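Asker: The structure under discussion is supplied below as structure tokens; questions concerning it will follow.
Number of protein chains: 2
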Amino acid sequence: MAVTSTAEQGRTFIDEGDPADHFFNITSGTARLFKSLPDGRRQITGFAGRGHFLGLAVSNSYAFSAEAIEPVQYCRFSRAKLRMMLDDFPALEKRLLDVASNELVAAQEQMLLLGRKTARERVASFLLARRLESAACVSPAVHVHLPMTRSDIADYLGLTIETVSRTLTGLKADKLIGIPHPSEIIILNHQGLTAQAGGH
Amino acid sequence: MAVTSTAEQGRTFIDEGDPADHFFNITSGTARLFKSLPDGRRQITGFAGRGHFLGLAVSNSYAFSAEAIEPVQYCRFSRAKLRMMLDDFPALEKRLLDVASNELVAAQEQMLLLGRKTARERVASFLLARRLESAACVSPAVHVHLPMTRSDIADYLGLTIETVSRTLTGLKADKLIGIPHPSEIIILNHQGLTAQAGGH
DNA sequence: CGATGAATTGAAACTTGTCAACGGCAGTGG
DNA sequence: CCACTGCCGTTGACAAGTTTCAATTCATCG
Numbered sequence: 001m002a003v004t005s006t007a008e009q010g011r012t013f014i015d016e017g018d019p020a021d022h023f024f025n026i027t028s029g030t031a032r033l034f035k036s037l038p039d040g041r042r043q044i045t046g047f048a049g050r051g052h053f054l055g056l057a058v059s060n061s062y063a064f065s066a067e068a069i070e071p072v073q074y075c076r077f078s079r080a081k082l083r084m085m086l087d088d089f090p091a092l093e094k095r096l097l098d099v100a101s102n103e104l105v106a107a108q109e110q111m112l113l114l115g116r117k118t119a120r121e122r123v124a125s126f127l128l129a130r131r132l133e134s135a136a137c138v139s140p141a142v143h144v145h146l147p148m149t150r151s152d153i154a155d156y157l158g159l160t161i162e163t164v165s166r167t168l169t170g171l172k173a174d175k176l177i178g179i180p181h182p183s184e185i186i187i188l189n190h191q192g193l194t195a196q197a198g199g200h
Numbered sequence: 001m002a003v004t005s006t007a008e009q010g011r012t013f014i015d016e017g018d019p020a021d022h023f024f025n026i027t028s029g030t031a032r033l034f035k036s037l038p039d040g041r042r043q044i045t046g047f048a049g050r051g052h053f054l055g056l057a058v059s060n061s062y063a064f065s066a067e068a069i070e071p072v073q074y075c076r077f078s079r080a081k082l083r084m085m086l087d088d089f090p091a092l093e094k095r096l097l098d099v100a101s102n103e104l105v106a107a108q109e110q111m112l113l114l115g116r117k118t119a120r121e122r123v124a125s126f127l128l129a130r131r132l133e134s135a136a137c138v139s140p141a142v143h144v145h146l147p148m149t150r151s152d153i154a155d156y157l158g159l160t161i162e163t164v165s166r167t168l169t170g171l172k173a174d175k176l177i178g179i180p181h182p183s184e185i186i187i188l189n190h191q192g193l194t195a196q197a198g199g200h
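Residue numbers (the numbering used here), protein chains in the order written: chain A, 1 to 200; chain B, 1 to 200.
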């Protein structure tokens with residue numbers, strides 16, 4: 001029924017369009033969630049970490065793919081099992097509704113970013129969101145870790161690798177951030193970076 | 001507790017950022033749902049018609065605004081009342097979870113559109129989606145009604161009014177659609193239009 | 001019929017994408 | 001141990017799609 005599995009880095013463990021037989025709960029690691037166009041263009045709709053639920057789709061096929069960017073451990077249920085659990089534990093249903101509502105709010109925020117923000121605003125927003133995620137405190141934890149590649153960031157922000165790279169370089173030139181390592185960003189001027197994020 | 005109200009055209013009946021005290025169920029009309037940036041840029045995250053639920057937010061403030069583009073009738077509940085109803089009718093919770101899941105899938109599709117599709121692909125996708133919505137049948141119901149302005153379409157597709165207009169003109173020039181009236185589109189070549197929508 | 005706002009069209013500017021070259025780091029194998 | 005190889009990231013020059021600004025036409029309504 002409920003099976004615990006591991007997906008090594010790079011492994012696609014959910015395929016867009018496949019029959020949505022299962023429901024996933026990530027217990028460790030990070031995955032990218034994405035949709036693809038026939039010609040290969042890709043839009044990453046989010047990054048899923050510990051505690052995330054995947055496969056809520058009502059339809060009978062997955063609406064997106066999921067791929068491990070760090071080794072991912074997850075717990076997998078059949079849909080039948082999920083239905084049984086929902087019947088047995090009404091609280092779980094409430095929890096899932098909360099989760100879905102939150103994701104919906106996040107999705108709307110991302111639509112605003114993709115539809116109306118400039119490249120600089122997108123990257124600044126991304127860094128600030130990442131910071132919130134890594135350090136849930138309000139500390140001067142100016143250190144942001146990026147487990148994903150520039151390609152992932154680009155596909156998440158609706159930009160190209162080059163624009164992401166140039167924009168990060170530009171933010172560094174303006175002394176808003178530091179880049180000790182491609183996957184490590186230091187926020188030097190939080191207020192200034194917020195001002196570049198286009199409000200909100 | 002549950003109050004039925006009407007919002008005349010142009011009326012904003014949900015304000016982004018306001019305390020999320022109520023939950024809405026639209027019984028007739030159409031509303032635009034949108035988020036705004038401080039400088040006035042706007043992203044429409046969706047259009048809500050008959051049967052739509054609004055205000056699912058978990059947080060204590062609305063994540064978006066809602067404004068009537070046609071006179072909108074809705075049923076309004078206090079959050080407390082909603083909670084009571086959810087306790088009394090578990091089926092309602094299932095229903096809301098289904099609704100939220102579907103909206104999430106739609107939101108992800110929209111992210112793909114906003115992040116990775118060209119103007120022409122966006123407009124073609126929009127027309128096809130509208131057609132599905134207006135005529136739920138597979139008939140040659142090539143007639144699509146657009147109750148929203150070009151400005152709304154632009155803010156929904158992450159484009160400008162001018163680009164939307166030019167793109168529609170272009171599709172007409174290619175004999176894929178007809179435009180008897182700005183708010184009435186006729187799909188002349190469904191297959192061809194689908195090909196322009198960028199797959200999916 | 002005139003007035004007002006929406007929609008269309010045109011020309012120029014700008015942001016971002018594309019193509020290409022280069023540099024750096026890691027893993028591999030001689 | 002060190003060259004080799006491949007991938008990732010950065011940088012540059014140029015092209016392209018979309019936006020901006022402006023003018024014109026078209027619908028709606030009093």
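The beta-carbon is built from N, C-alpha and C at its ideal position, and this holds for glycine as well. From a predicted model like this one, the values you see are computed outputs, not experimental measurements.
List the residues of chain A whose Cβ lies closer than 8 angstroms to the Cβ of Met189/B, in chain order.
Answerer: Correcting the residue identity first, residue 189/B is Asn in this sequence and not Met. Under the 8 angstroms cutoff, chain A gives no residues; its nearest Cβ is about 19 angstroms from Asn189/B.
Asker: Closer than 7 angstroms by C-beta to Asp18/A: which residues in its own chain qualify, once you throw out the five before and the five after it? Chain order, please.
Answerer: Ser61 and Tyr62
Asker: Let me confirm a value: Gly10/A is counted as buried when at least 16 other C-beta atoms fall within 10 Å, else exposed. Which label applies?
Answerer: With fewer than 16 other CB atoms across the displayed protein chains lying within 10 angstroms of its CB, Gly10/A is exposed.
Asker: Assign Arg83/A to one of two classes, buried (16 or more other C-beta atoms within 10 Å of its C-beta) or exposed (fewer than that).
Answerer: Residue environment: Arg83/A is assigned as exposed (fewer than 16 neighbouring CB atoms within 10 Å of its CB, all protein chains considered).
Asker: Does the pairing of the stretch 95 to 102 of chain A with the stretch 177 to 186 of chain A give three or more beta-carbon distances under 8 angstroms?
Answerer: no
Asker: Compute the distance between the beta-carbons of Leu92/A and Ala124/A, then report whether it is under 8 angstroms.
Answerer: no
Asker: Report the residue from Asp39/B, Asn102/B, Pro38/B and Leu33/B whose alpha carbon sits nearest the alpha carbon of Gly55/B.
Answerer: Leu33/B
Asker: Could you tell me the alpha carbon to alpha carbon distance between Gly40/A and Met85/B, rounded to whole angstroms?
Answerer: 46 angstroms
Asker: Figure out for me which residue from Gln73/B, Glu162/B and Leu176/B has the closest Cα to the Cα of Thr149/B.
Answerer: Glu162/B
Asker: Taking the continuous beta strand (DSSP E) assigned at Pro180/A, which residues delimit it?
Answerer: Ile177 to His181 is the extent of the beta strand (DSSP E) around Pro180/A.
Asker: What do you get for His52/B, buried or exposed, if any count of 16 or more other CB atoms within 10 angstroms of its CB means buried?
Answerer: buried
Asker: Taking only the alpha-carbon atoms, compute the straight-line gap between Arg122/B and Pro38/A and give it to the nearest angstrom.
Answerer: 15 angstroms
Asker: Cutting at 8 angstroms between CB atoms, please list the residues of its own chain near Ala57/B, excluding the five before and the five after it.
Answerer: Ala20 and Ala63
Asker: Who are the Cβ neighbours of His22/B in its own chain at under 8 angstroms, not counting the five residues just before and after it?
Answerer: Gly55, Arg76, Phe77, Ser78 and Arg79
Asker: Pick from Gly49/B, Thr27/B, His181/B and Glu109/B: whose alpha carbon is nearest that of Ala197/B?
Answerer: Ranking the options by Cα distance to Ala197/B, first place goes to Glu109/B.
Asker: Could you tell me which residues DSSP puts in a beta bridge with Leu33/B?
Answerer: Gly46/B and Ala66/B
Asker: Which residues in the same chain as Lys35/A place their Cβ atom closer than 8 angstroms to its Cβ, once the five residues preceding and following it in sequence are excluded?
Answerer: Cβ within range, chain order: Glu16, Arg42, Gln43, Thr45, Ala63, Phe64 and Ser65.
Asker: Between Arg201/B and chain A, is there a C-beta pair that is closer than 8 angstroms?
Answerer: The question about residue 201/B has no answer here: the residues shown for chain B are numbered 1 through 200.
Asker: Among the residues of its own chain, which have a CB less than 8 angstroms from the CB of Arg201/B, if the five just before and after it don't count?
Answerer: Absent from the structure is residue 201/B, since the part of chain B shown begins at 1 and ends at 200.
Asker: Can you look up Leu86/A in the DSSP assignment and give me helix, strand or coil?
Answerer: Leu86/A sits in a helix when the DSSP states are folded into three classes.
Asker: Contact check, Leu113/B vs Thr194/B under 8 angstroms by CB: the rounded distance?
Answerer: The Cβ separation is near 14 angstroms, so there is no contact.
Asker: Counting only beta-carbon atoms, is His22/B nearer than 8 angstroms to chain A?
Answerer: Among the CB atoms of chain A, none fall inside 8 angstroms of the CB of His22/B.
Asker: Thinking Val72/A and Thr12/A are a contact (beta carbons under 8 angstroms), I'd like their distance in whole angstroms, please.
Answerer: Rounded, the Cβ-Cβ distance is 11 angstroms, inconsistent with contact.
Asker: Taking only runs of the beta strand (DSSP E) that begin and end inside the stretch 71 to 127 of chain A, which ones reach a length of at least 3 residues, in chain order?
Answerer: 72 to 78
Asker: Please decide whether Phe77/B counts as near chain A, where near means a Cβ-Cβ distance under 8 angstroms.
Answerer: no
Asker: Tell me Pro19/A's beta-bridge partners as DSSP assigns them.
Answerer: Ser61/A
Asker: Please report how far the alpha carbon of Tyr156/A lies from the alpha carbon of Ile69/A, in whole angstroms.
Answerer: Approximately 14 angstroms between the Cα atoms of the pair.
Asker: By Cβ distance below 6 angstroms, which residues in the same chain neighbour Ile153/B in space, the five residues on each side in sequence not counted?
Answerer: Val164
Asker: Flag this pair as yes or no: are the beta carbons of Ser134/A and Val144/A separated by less than 8 angstroms?
Answerer: yes
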